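Residue numbering for the sequence shown is 1 to 134, as defined by the working numbering. Scroll down for the structure; my scribbles are underneath it.
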Amino acid sequence: MEPDSHDGAPHYHENNGFKVPKEMSPASEEAARAEAARIEPVLKRLWTAKTWDAESVRTALLKLGYRNEGPDSEQGRGTLFVQAHDPDSNPGTSIALNVRHDACVTGFVQSTNYQVTVNGRFLESGCFEPRGGH
């Protein structure tokens, strides 16, 4: 049994390694935390207004000066990615901001709550946590 393997499953960490984000440099983490502090009040305002559709979330966050989905760049405040949740099972939207090559701000706003976090990039999926392995 592996320590911290949830239910004691063998090879848990090996099988779920793809879900572990890479480390951020201290400067990148600081930059990501600064952007998270800008994003959090916007998601809170949207949640309070019960507005969690992808287009409204994208529009509100682009007003902060982010680039809309595109190639990675060190220019500007970061590149924003927005994904709608399944409206039947979980109405809401997830966001990811590519702050630097090793740092992201991720978050969501949905009917029940909202959240903003800072994390490193995932090997296979960039800023968004991967849904499944291979």
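The C-beta atom is built at its ideal place from N, Cα and C for all residues, glycine as well. All figures in this text were calculated on a predicted structure; none of them were measured in a lab.
Asked                                                                                                                                                : Found
Identify whether Thr51 lies in helix, strand or coil by the three-state DSSP scheme.                                                                 : coil
Under 8 Å by Cβ, that's how I've got Gly92 and His101 pegged, so tell me the actual separation to the nearest angstrom.                              : Their Cβ separation, rounded to whole angstroms, is 28 Å, which puts Gly92 and His101 out of contact at 8 Å.
Return yes when the C-beta of Ser89 is under 7 Å from any heavy atom of the ligand COA, and no when it is not.                                       : The ligand COA is absent from the structure shown, which contains no ligands of any kind.
Give the DSSP-derived three-state secondary structure of Leu46 in the structure shown.                                                               : helix
State yes or no: is the C-beta of Val99 within less than 8 Å of the C-beta of Ser28?                                                                 : yes
Look up Ser28 in the DSSP assignment and say whether it is helix, strand or coil.                                                                    : helix
So, at 7 Å on beta carbons, what are the nonlocal neighbours of Ser25 in its own chain, with the 5 sequence-adjacent residues on each side left out? : Asp102
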